[in-house]
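Undergrad: Convert by adding 757 to the 1-based position in the first sequence; the result is the number in my numbering. Right, I'll just put the structure down here and ask away after.
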Amino acid sequence: MPMAPTGTKCSKKEVNRGAWTAEEDQKLAQVVEIHGPKRWKAVAAKAGLNRCGKSCRLRWMNYLRPNIKRGNISDQEEDLILRLHKLLGNRWSLIAGRLPGRTDNEIKNYWNSHLSKKIKQNEKQTRMQEPVLENSKVSEREEPLHKASEEGSSKRDEEYSTSCFNGDSSLFDLYNEEPLELEWMSHFFETDEIWLNLA
DNA sequence: AAGTATACCAACCGCGAGCGC
DNA sequence: GGCGCTCGCGGTTGGTATACT
């Protein structure tokens, strides 16, 4: 690490850590309402919160932001997360972007606590049911798409997205989707300009 | 009832990218 | 071009709740 910029690390000993109180939430929400969700260091100072900017940002993004949905992830949402994860890998922010009101942190937690286990179980079951395949073929098929762009992470999302949606319809073949099951995906593209551009 | 293990999730940390000076 | 600051992301940790023995 060439530098340790102030503001990237909550290094002050006297800074508050741990769970947020209702009072802190209220102060933060008030200041963000006035000044907007930016310059978090200044927001923390203006709110009189003994917290680092980073902590304030996280709190706002995950809990205080308007239209945040908490808990009760529906089957539909779960299905979407599974599909998107298969497509995007651990790009939690991108996945969250497709689920209105959900945060990357929540999805990440949900994945780690629920879905990763579910998947492992499913894999176990399918391995027991399927005839043994050649190792190379299995790994080729199961290789997450995002792996290819994982190394050299600069502009990784952009590059990765481009590689996924450069018009190659084999993307869908890879997931062995029935046409009807792709309904959600077409809606996906229809509703987002950025993704449309990539497609 | 007490102790231990496991699950869940809020919060923190390290890092890289982008921007303005 | 280099530096400092800010933002955002993904991985990890730690506290709390719940289940199990």
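We treat Cβ as the ideally placed atom computed from N, Cα and C, and that holds for glycine. Bear in mind the structure is a predicted one, so any value in this text is a computation, not a measurement.
Hey, quick one: how far does the alpha helix (DSSP H) through N866 stretch, first residue to last?
TA: From DSSP, the alpha helix (DSSP H) with N866 extends over 861-867.
Undergrad: Going by beta carbon distance, what residues of the same chain come within less than 7 Å of W849, once the five residues before and after it are set aside?
TA: Counting only Cβ-Cβ distances below 7 Å, and skipping sequence neighbours, we find D861, I864, K865.
Undergrad: Alpha carbon to alpha carbon, how far is I876 from K843? Give it in angstroms, no decimals.
TA: C-alpha separation (whole angstroms): 11 Å.
Undergrad: Just to confirm, is the Cβ distance from I838 to L806 under 8 Å?
TA: No, these two residues do not count as a Cβ contact at 8 Å.
Undergrad: Touching or not, the segment 774-789 and the segment 807-822, by the rule of three or more beta carbon pairs under 8 Å?
TA: Short answer: they touch.
Undergrad: Once the 5 residues before and after K803 are set aside, which same chain residues still bring their CB inside 6 Å of it?
TA: The residues are V788.
Undergrad: For E781 and R855, I'd like the C-alpha separation in whole angstroms.
TA: Using only the alpha carbons, I get a separation of about 30 Å.
Undergrad: Terminal residues of the continuous alpha helix (DSSP H) containing S812?
TA: First-last of the alpha helix (DSSP H) with S812: 810-816.
Undergrad: Can you give the beta carbon distance from C809 to V800, rounded, assuming they're within the 8 Å contact cut?
TA: Incorrect: roughly 11 Å between the Cβ atoms, too far for contact.
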